[in-house]
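Positions 4 to 189 (our numbering) are the ones given, in order, by the sequence shown.
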Amino acid sequence: MVMCSGGNPEWLESWLQTPFYVGEKCETHILKYNTIFCAVCMGSPICDTCWRWQHSKLHQGHLILQVCSSSGRAAIDIQEIRKYIDVSGIQVYKINGKDILFLNPNWHGSQDHHEHGPKCQTCRRRIKDSNYHFCSIACKNYKSVEYKMEIGKMKSRAGGGEGECSSGRSMRKRSRKGIPRRAPFC
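Shown next, in the form of structure tokens:
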């Protein structure tokens, strides 16, 4: 399996950006969503009926991932995906007796910064269990790529011979500005 510089497979980014359950349905089987993704070809997803009757021989020996829908979001069985990527620290949900992981964060979910409890380290959405750090595969992937880039920057700074490491971050614990409020009209 070919890996990117971030340690993740090269197909992961393409797979996470594929619009499962929000994009177009199958042209041939109009009631079916396109849920099968070939990680080798990295093309458009196809429906499971087209897969069985037309494409299974074309993609023989390829890595095939099939997503399912849960609460209107694309998810995958944890047993299927853990063979290919590290899924530790991602919130696991149980749907119909199956352990699943969501591909992307729930953009309609809670993002109240004043709520207490565990939050996703990337998108700050609430997660159910403090044993987990991410709400979805995309959040963990983003954080790991961001971390690898930060390590690379630190190494290049250390190798550059600069005496002082200056980061663009402020030393404050909280930002100075609160929630913007309009002045009342008089």
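Glycine included, each C-beta is placed from N, C-alpha and C at the ideal position.
A straight line joining the alpha-carbon of residue 28 with that of residue 34 spans about 7 Å.
Distance from the CA atom of residue 46 to the CA atom of residue 38, rounded to whole angstroms, is 12 Å.
In terms of CA proximity to residue 14, 43 leads the group 43, 139, 146. When beta bridges are read from the DSSP output, residue 104 appears opposite 79. In this structure, the beta-carbon distance from residue 71 to residue 109 does not fall below 9 Å. Take residue 101, set aside five residues on each side of it, and the residues of its chain with a beta-carbon closer than 7 Å to its own are 80, in chain order. The criterion of a C-beta distance shorter than 9 Å is satisfied by residue 140 and residue 19. Secondary structure note for residue 17: its alpha helix (DSSP H) is the uninterrupted segment 15 to 20.
Under the three-state reduction of DSSP, residue 143 is assigned to helix.
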